[in-house]
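Engineer: Residues 354 to 610 in my numbering are what the sequence shown spells out, letter by letter.
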Amino acid sequence: VKKRDFASYSLEGLNTSHGLEDIIAVAKRYVSGKNGTGGNMARSLTLLLHGLPGTGKTEFVYYLGEALGKEVVIRRCSEIESMWVGQTEKNVAEAFDEAQRSEAVLFFDEADSFFYPRKDARHSWEKSFTNEMLAQLDNYTGIAVFATNEIEGLDHAAIRRFKFKVEFRPLTPEGNLHFYNALLSPLVGKNGGPDREEMLAIAEIPNLTPGDFAVVRDQFLLEDPDAVTHEKLIESLMVEAGHKGRTKKIGFLHTLT
């Protein structure tokens, strides 16, 4: 697992249904209670992060672990599911046991792969998989985080198990400008920051996520800074937004020609 550098990481600009600083504060109080310095504390802290890809769910989990001084143990469905009878349930139990022993933050990515809706199950193993996950979650005494792009695909009983359900949404216009200034504006050489018209264009691009800004940054990282312009960066952002199929036409590029 690569070491993450959070020296320049910030929650600023993210668009979520709950304040992430508040979630971190709750987690810190939970850890303090587990260490015997708190009062009546909950048995476990369970979080469900949901929203579009690229909205910052995974990076927040690692930031939470950093804030708590805890390792993040990530488990994906490909590591858990097995073709052998009973092995999948055993793998689920081992994942929870490992995190319990190490007092790590247990993180299951792609939660919809772990909680098949039992009413729609076509195979018995789908029901037993979900039942085992729910049983382990009920008995767990630690911090467990699940992330999904498709909350509608989760078993309803599973959704009720989570104390906090946090939606990660596309960025607001202010969030667009924050991530542009943080990730893309430094790529432009001596030309300085975007002008007023360019800032308006950036703010108006709908459905952007932090992941879109990271993609565009990576596209231009190796280019000559003198050849990188705000116009090129903004056009690339529009292309990324356009891949989602819901982007309205913006006349900014025509005004520059």
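By construction, the Cβ of each residue, glycine as well, lies at the ideal position given by its N, Cα and C atoms.
1) Extract the residue ranges of the beta strand (DSSP E) inside the stretch 367–423, only unbroken runs of 3 or more that lie entirely within it.
2) Just checking, does the stretch 514–530 make contact with the stretch 552–560 on the three C-beta pairs under 8 Å criterion?
3) In the DSSP assignment, find the beta strand (DSSP E) that holds GLU520 and state where it starts and stops.
4) Do VAL581 and GLY528 have their C-beta atoms closer together than 8 Å?
5) Can you list, in chain order, the residues of its chain with a C-beta nearer than 7 Å to that of GLY409? Leave out the 5 residues immediately preceding and following it.
6) Look at ALA511 and PHE468 and say whether their C-beta atoms are less than 8 Å apart.
7) How big is the Cα-Cα spacing for LYS480 and PHE515?
8) Checking the sheet assignment: what are the DSSP bridge partners for ILE427?
9) May I ask which residues mark the beginning and end of the beta strand (DSSP E) holding THR501?
10) Between which two residues does the alpha helix (DSSP H) harbouring PHE573 extend?
11) Rounded C-beta distance between ASP465 and GLU503? I'm assuming under 8 Å.
12) Cutting at 8 Å between CB atoms, please list the residues of its own chain near GLU442, excluding the five before and the five after it.
13) Whole angstroms is fine: what's the gap from LYS601's alpha carbon to THR501's?
14) Exposed or buried, what is GLU593 when buried is set at 16 or more other beta-carbons lying within 10 Å of its beta-carbon?
15) So, is ALA395 buried or exposed, given that buried needs 16 or more other C-beta atoms within 10 angstroms?
16) Candidates GLU419, ALA452, ASN492 and LEU553: which alpha carbon is nearest LEU530's?
17) State the DSSP-derived secondary structure class of MET591, mapped to helix, strand or coil.
Structural biologist: Reading off the structure:
1) 398–404
2) yes
3) 517–522
4) no
5) LEU367, PHE521 and PRO563
6) yes
7) 19 Å
8) PHE460
9) 496–501
10) 563–573
11) 5 Å
12) SER481, PHE482 and GLU485
13) A caution first: LYS601 carries a pLDDT of 45, below 50, which makes its placement in the model too unreliable to give a value.
14) buried
15) exposed
16) LEU553
17) helix
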